[in-house]
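These notes are about the structure you will find just below.
2 protein chains.
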Amino acid sequence: MTVHPQTTRESLSKERLRLWLKLLKTSRSIEDEVRRRLRRHHDWTLPRFDVMSALSRAPDGLKMGEISRMLKVSGGNITGIVDKLTEEGLALRVAIPGDRRAQLVRLTDKGQEMFARHSADHEAWIDDILGGLDADDLGGMIARLDRLTETLLAEDKDAD
Amino acid sequence: MTVHPQTTRESLSKERLRLWLKLLKTSRSIEDEVRRRLRRHHDWTLPRFDVMSALSRAPDGLKMGEISRMLKVSGGNITGIVDKLTEEGLALRVAIPGDRRAQLVRLTDKGQEMFARHSADHEAWIDDILGGLDADDLGGMIARLDRLTETLLAEDKDAD
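Protein sequences appear in the order of chains A and B.
Numbers in the numbering used here are just positions in the first sequence, counted from 1, shifted up by 10.
Numbers in the numbering used here are just positions in the second sequence, counted from 1, shifted up by 10.
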């Protein structure tokens with residue numbers, strides 16, 4: 011028998027705060043673990059993985075500003091990452107016809123292949139890290155996170 | 011009737027990846043919303059709130075390095091925040107007896123009072139943002155996040 015003291019309004023609020031702190035802590039811990047494995051197995055940083063991931067989903071290429079916005083990272087950092095990817099032959103910059111000032115960045119074939127391999131590793135790591143959760147756990151959590159996202163989208167609308 | 015294709019090993023792995031991406035996205039969205047409200051209502055930054063929060067739980071004070079480690083933020087940023095808190099009379103630096111090089115930072119009474127008020131607002135915002143989740147949802151998610159944390163702690167041990 012479990013007693014549920016959280017049925018009062020005040021304790022529900024405390025439980026929501028507790029969940030939020032756990033949500034934040036867990037997602038940071040998982041991110042740290044992924045960061046460690048990327049470094050150890052591939053000598054990659056997480057921002058590099060994220061840039062490659064964004065580029066891999068845009069076969070026609072992305073503008074620098076688009077990458078920054080997608081990853082919410084400042085332009086300066088993205089430039090450094092793209093410079094290194096270009097040096098290593100994983101990405102290239104192509105001119106946009108009719109726009110002399112902007113360029114598109116896209117992955118080379120070598121970049122696509124390498125990202126496909128690292129991305130498979132990434133999926134396997136997540137499968138390992140989240141291995142304690144079965145199909146029911148996953149379905150239940152995904153449904154609740156979706157409900158949270160709906161509330162957040164409604165907040166955004168209020169703010170406009 | 012719902013079909014559960016995720017019973018195969020491969021689709022379970024895809025579901026875990028899907029959960030992870032949602033977990034990351036949701037916690038970033040909530041953090042952004044808290045950041046916006048802190049800025050709008052109190053003209054505070056989130057790192058300032060986090061530093062005040064750490065100090066509020068340490069009545070005897072914290073060394074600068076301890077604050078950095080707790081918040082995983084670089085020392086330079088923490089110094090700037092503590093300088094401003096000190097200027098505003100919310101925190102003060104005190105010498106450590108027997109240690110001429112180190113100082114402890116702690117909140118003033120004014121700092122404690124102000125943080126108590128902002129912290130109550132923070133709890134109310136989280137209650138609002140997570141309002142779509144009832145006691146059962148909260149209990150279920152907390153239990154699953156705890157299970158995830160156990161896996162992560164076991165990983166850490168493997169890495170040592």
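From the three backbone atoms N, C-alpha and C, an ideal C-beta is built for every residue, glycine too.
Just so you know, these numbers come straight off a predicted model, no measurement behind them.
Report all residues from its chain with a CB closer than 8 Å to the CB of aspartate 70 of chain B; omit the five preceding and five following residues, and keep chain order.
Leu114, Arg116
Query - chain B contact for serine 135 of chain A (CB, 7 Å cutoff) - result: In the sequence as displayed, the identity of residue 135 of chain A is tryptophan instead of serine. Cβ-Cβ to chain B under 7 Å: no for tryptophan 135 of chain A.
Between the alpha carbons of threonine 18 of chain B and arginine 28 of chain B, how many angstroms are there, rounded? 15 Å
- Message: Strictly below 9 Å CB to CB, what residues from chain A border glutamate 160 of chain B?
- Response: Gly142
Report task. Could you name each continuous beta strand (DSSP E) segment of 3 residues or more that falls completely within the region 77-113 of chain B, going from the start of the chain to the end? Result -> 101-106
In terms of residues, what are the limits of the alpha helix (DSSP H) holding glycine 71 of chain A? Segment: none, glycine 71 of chain A is in no alpha helix (DSSP H) and carries neither H nor E.
Can you confirm whether threonine 48 of chain A, when its beta carbon is compared against all beta carbons of chain B, has any partner nearer than 7 Å? The amino acid occupying residue 48 of chain A in the given sequence is leucine; threonine does not appear at that position. Closer than 7 Å: no.
message: 7 Å is my cut-off, CB to CB: does isoleucine 152 of chain B come that close to chain A?
response: yes
- Task: Measure the beta-carbon distance from methionine 151 of chain B to arginine 154 of chain A and round it to whole angstroms, keeping in mind my assumption that it falls under 8 Å.
- Result: 6 Å
Would you report the Cα separation of lysine 24 of chain B and aspartate 146 of chain A, rounded to the nearest angstrom?
14 Å
Under the rule that 16 or more other beta-carbon atoms within 10 Å means buried, what is arginine 58 of chain B, buried or exposed? buried
Notebook entry, point to check: Alpha carbon to alpha carbon, how far is leucine 56 of chain B from alanine 112 of chain A?
Noted result: 34 Å
>> Tell me the DSSP secondary structure of leucine 117 of chain B in three-state form.
In response: strand
task = Answer with buried or exposed for isoleucine 136 of chain A, where buried requires no fewer than 16 other C-beta atoms within 10 angstroms of its C-beta.
result = buried
Discussion item. Output needed for glycine 85 of chain A: all residues of its chain with C-beta closer than 6 Å, excluding positions within five of it in sequence on either side, in chain order.
Written reply: Ser78
Out of A:Leu65, A:Arg46, A:Gly142, A:Asp144, state which residue places its alpha-carbon closest to the alpha-carbon of leucine 100 of chain A.
-> A:Leu65
inquiry  = Going by DSSP in three states, aspartate 146 of chain A sits in which element: helix, strand or coil?
reply    = helix
Please identify, using Cβ separations under 9 Å, the residues of the region 70-94 of chain B that lie next to chain A, in order along the chain. Lys82
Q: Indicate whether at least one CB of chain A lies closer than 7 Å to the CB of alanine 164 of chain B.
A: no
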